[in-house]
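2 protein chains.
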Amino acid sequence: MRPTMRDVARHAGVSLKTVSRVVNGEVGVRPDTAEKVNEAISALGFRRNDIARALRGGKRTRSLGLVIKDVANPFYSQIARGVEEVARLHDLFVISGCSDEDPARERHLIRSLCERRVDGLLVVPSAADHRYLIPELNMGTAAVFMDRPPEEAIRADVVLIDNVGGARSAVEHLIAHGHRRIACLADLPGIFTARERRRGYDEALQAHGIPVDESLVRLGPHDVAGAEAATAELLALGDPPTAVFAGNNRLTIGALRAIQAAGRTTALVGFDDFELADMLATPVTVVAHYPAEMGRRAAELLCRRMDGEDLPPQRVLLPTRLIVRGSGESPPI
Amino acid sequence: MRPTMRDVARHAGVSLKTVSRVVNGEVGVRPDTAEKVNEAISALGFRRNDIARALRGGKRTRSLGLVIKDVANPFYSQIARGVEEVARLHDLFVISGCSDEDPARERHLIRSLCERRVDGLLVVPSAADHRYLIPELNMGTAAVFMDRPPEEAIRADVVLIDNVGGARSAVEHLIAHGHRRIACLADLPGIFTARERRRGYDEALQAHGIPVDESLVRLGPHDVAGAEAATAELLALGDPPTAVFAGNNRLTIGALRAIQAAGRTTALVGFDDFELADMLATPVTVVAHYPAEMGRRAAELLCRRMDGEDLPPQRVLLPTRLIVRGSGESPPI
DNA sequence: CTGAAAGCGCTAACAC
DNA sequence: GTGTTAGCGCTTTCAG
Chain A
1 MRPTMRDVAR
11 HAGVSLKTVS
21 RVVNGEVGVR
31 PDTAEKVNEA
41 ISALGFRRND
51 IARALRGGKR
61 TRSLGLVIKD
71 VANPFYSQIA
81 RGVEEVARLH
91 DLFVISGCSD
101 EDPARERHLI
111 RSLCERRVDG
121 LLVVPSAADH
131 RYLIPELNMG
141 TAAVFMDRPP
151 EEAIRADVVL
161 IDNVGGARSA
171 VEHLIAHGHR
181 RIACLADLPG
191 IFTARERRRG
201 YDEALQAHGI
211 PVDESLVRLG
221 PHDVAGAEAA
231 TAELLALGDP
241 PTAVFAGNNR
251 LTIGALRAIQ
261 AAGRTTALVG
271 FDDFELADML
281 ATPVTVVAHY
291 PAEMGRRAAE
301 LLCRRMDGED
311 LPPQRVLLPT
321 RLIVRGSGES
331 PPI
Chain B
1 MRPTMRDVAR
11 HAGVSLKTVS
21 RVVNGEVGVR
31 PDTAEKVNEA
41 ISALGFRRND
51 IARALRGGKR
61 TRSLGLVIKD
71 VANPFYSQIA
81 RGVEEVARLH
91 DLFVISGCSD
101 EDPARERHLI
111 RSLCERRVDG
121 LLVVPSAADH
131 RYLIPELNMG
141 TAAVFMDRPP
151 EEAIRADVVL
161 IDNVGGARSA
171 VEHLIAHGHR
181 RIACLADLPG
191 IFTARERRRG
201 YDEALQAHGI
211 PVDESLVRLG
221 PHDVAGAEAA
231 TAELLALGDP
241 PTAVFAGNNR
251 LTIGALRAIQ
261 AAGRTTALVG
271 FDDFELADML
281 ATPVTVVAHY
291 PAEMGRRAAE
301 LLCRRMDGED
311 LPPQRVLLPT
321 RLIVRGSGES
331 PPI
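Protein chains in written order, with this note's numbering: chain A, 1 to 333; chain B, 1 to 333.
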């Protein structure tokens, strides 16, 4: 069906190797020979077969594998964008898959990507054991982790957000506005970022001599509906919180819905910026960060590893920024 | 570095072919032989090389190429998600790239994907000439287009949204609420969806005997700022529109900003749903559609083509749905 | 400058 | 049940 170099060679009346030289822009081909070859190439519609190319010479496949939770989620799609930008610069393709936070699927994806001989792996790891990766890493597949670190045993680079610092700055902002009864909404404690952000919340309170009141902390909600219900419960307490810190954008939206529904002016600061946060009835104060930058940085580290650079495992911490919009500045009631 | 089947065979004291049989779950291997082979596999950390596998026998690479404008844009990332869901069911990998609406980059991407011998191609085409694809298609690479059709000469399946019908329903909704001076904001006329939506606007007015007033039509703005400026201009007219139809989500946001800034209650219906549309100060009435479904349908069509099904080119039209939320129901002033 | 031969890691087609 | 041989489409020697 598809013509091969042999076919082109036959058509042009030269040897296979000469075609190879022309196709790869090697030197040492007379212009008129090259001309003949190029004519044959377009006459036959020849396309070099990169699969065969990668096979011979243990060549790189010029591809990297990306495992994220879900591309449809803006956080991950921005990571993917950052990765793609760097990949493009290095003439690499990105082969990606969604784990949907399922460890079995994640493992299957990584295994399949290794079977396809991707030159490197970029992974947002789920809460699971990643030791199965060790043989792959030893076998020479570079890997960089994003957003959550793998276990200690895995010696690989990782790019994280400053979760603790970001959460602390959010809660300190609320304290600065006079709040002392501040609720904390965080995702499932199995998730690294949820634990870290909760830790930032604790640290901020402690630093200001405010005891942590566990009845104001809700760990577990991980969607808008769950956060809305949890917030409604908090607002219905005898002594309700005057402010809420929400650990991610879905939790922020849920909290917002509950606060609006209750007709309160409870202050709110959320982790993660989101589109239209400034256009809502109450514009939302957030701890912003830059997922695309995370993707870029991770991809850059990976490329360096792929080029054989041999540093000790890096741990990059990306900064956050508090964006003040209104919801975080309401005074305590 | 990485062990091959030969190495495994040597280690297990069997022939290469026996290893191949075990690795591929073929029948006709004694359990104890299989056992030995499996031990050698884990001892050496062997991973079958899918590159070599695809080469032999003109085998499929079990991958498909996806070319979209930008993964970071929720519209495209949802398409990507739909594609990935179907790919997963068929045990296919997705190799994707962003064209950023640059025809040269799009062409480069498609070419490279063909060189990697993807089994099929899923493309959101930019406004450009796609005839260079014809040889690839003839050479057996299946292709399905999404969101915008390629030129007539390309005989391939395409999955579209009902742009005309959706726009018409939006404008008829405004007419039903008593509006007659309805503005139209649409993207660059080079873009298929922009033209089609503008056509739906015209059709709705004509169907109700309302003459099209070109001074109320703004073609060209393609970001929030541009739409905001265009809308501000419209509102400043001596005889301003009482309602606005915005041709996509960025234009809707821009219009909304301008209307809020002017302190008006101008009615607004937008094409494309977006997150938090219901949480804004004025919840936004929209023409919703389902990008993930577009990705799924396109991927399904592609898989059927890849399986050799030979129907005439299909043209799938996905329905839209008007979601009433408030902004589209204000009466004329 | 150009070409012939070997072989990347695997599977298909046949032996035994 | 198991092994041997050929060869996928290309690049890499090494000769001419």
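Note that the Cβ used here is the ideal one computed from N, Cα and C, for glycine as well.
No experiment lies behind these values; they were computed from the predicted model shown.
Using a Cβ-Cβ cut-off of 7 Å, residue 318 (chain B) does not count as an interface residue toward chain A, since no Cβ of chain A sits closer than that to its own. Note that the region 204–219 of chain A does not touch the region 284–297 of chain A; fewer than 3 beta-carbon pairs, one per stretch, sit closer than 8 Å.
Note on the region 138–224 of chain A: whole alpha helix (DSSP H) runs with a minimum of 4 residues are 163–176, 192–207, in chain order. DSSP places residue 41 (chain A) in no beta strand (DSSP E) but in the uninterrupted alpha helix (DSSP H) bounded by 31–44.
What residue 228 (chain B) touches in chain A, judged by beta-carbon distance under 8 Å, is nothing: the nearest beta carbon there is about 12 Å away. Within chain A, no C-beta atom comes less than 9 Å from the C-beta of residue 119 (chain B); the nearest is roughly 12 Å away. Residue environment analysis places residue 194 (chain A) among the buried positions, since at least 16 neighbouring C-beta atoms fall within 10 angstroms of its C-beta.
Taking 7 Å as the CB threshold, residue 279 (chain B) lines the interface with chain A. Residue 136 (chain A) and residue 3 (chain B) have their C-alpha atoms roughly 12 Å apart. Secondary structure at residue 243 (chain B): strand, using DSSP grouped into helix, strand and coil. Between residue 121 (chain B) and residue 94 (chain B), the C-beta gap is not smaller than 7 Å, which leaves the two residues out of contact. Between the alpha carbons of residue 55 (chain B) and residue 73 (chain A) lies a distance of about 36 Å. Taken in chain order, the members of the region 39–64 of chain B whose beta-carbon sits within less than 8 Å of a beta-carbon on chain A are 45, 47, 48, 49, 50, 51, 52, 54, 55, 58, 61, 63.
About 10 Å separates the CB atoms of residue 241 (chain B) and residue 333 (chain B); that is not less than 8 Å, and the two are not in contact. The beta carbons of residue 251 (chain A) and residue 221 (chain A) sit about 6 Å from each other, so the pair counts as a contact at 8 Å.
Taken atom to atom, the span from the alpha-carbon of residue 118 (chain B) to that of residue 269 (chain A) is near 46 Å. Contact annotation: residue 77 (chain B) and residue 71 (chain A) have beta-carbon atoms nearer than 7 Å.
Neighbours of residue 135 (chain A) in chain B, taken as residues at a C-beta separation under 8 Å, are given in chain order as 45. Just so you know, the alpha carbons of residue 152 (chain A) and residue 313 (chain A) end up roughly 11 Å apart. Per DSSP, reduced to three states, the secondary structure at residue 133 (chain B) is helical. The Cβ-Cβ distance between residue 254 (chain A) and residue 233 (chain A) does not fall below 7 Å. The beta carbon of residue 115 (chain B) sits closer than 7 Å to some beta carbon of chain A. The beta carbon of residue 2 (chain A) sits closer than 7 Å to some beta carbon of chain B.
Ranked by Cα distance from residue 282 (chain B), the options B:192, B:115, B:317, B:330 are led by B:330. Per DSSP, reduced to three states, the secondary structure at residue 99 (chain B) is coil, with no helix or strand assignment. For the region 86–104 of chain B, the set of residues with a beta-carbon nearer than 9 Å to any beta-carbon of chain A comprises 87, 88, 91, 93, 94, 95, 96, 97, 98, in chain order. The DSSP-derived three-state label of residue 333 (chain B) is coil. Annotation note: the region 44–89 of chain A contains the following uninterrupted alpha helix (DSSP H) runs of length 4 or greater, listed N- to C-terminal: 50–55, 74–89.
Residue 27 (chain A) has no beta-bridge partner at all, per DSSP.
Excluding residues up to 5 positions away in sequence, 59 lie with their Cβ nearer than 8 Å to the Cβ of residue 53 (chain B) in the same chain. In terms of Cα proximity to residue 148 (chain A), the closest of A:323, A:318, A:327, A:328 is A:318. Cβ neighbours of residue 97 (chain A) within its own chain (closer than 7 Å, five residues either side excluded): 67, 109.
The beta-carbon of residue 276 (chain B) is placed less than 7 Å from the nearest beta-carbon of chain A. For a cut-off of 8 Å, the C-beta gap from residue 112 (chain A) to residue 106 (chain A) is around 11 Å, too long to register as a contact. Sorting A:81, A:15, A:86 by C-alpha distance to the C-alpha of residue 301 (chain A) places A:86 at the top.
For the pair residue 243 (chain A) and residue 174 (chain A), the CB atoms are nearer than the 7 Å cut-off.
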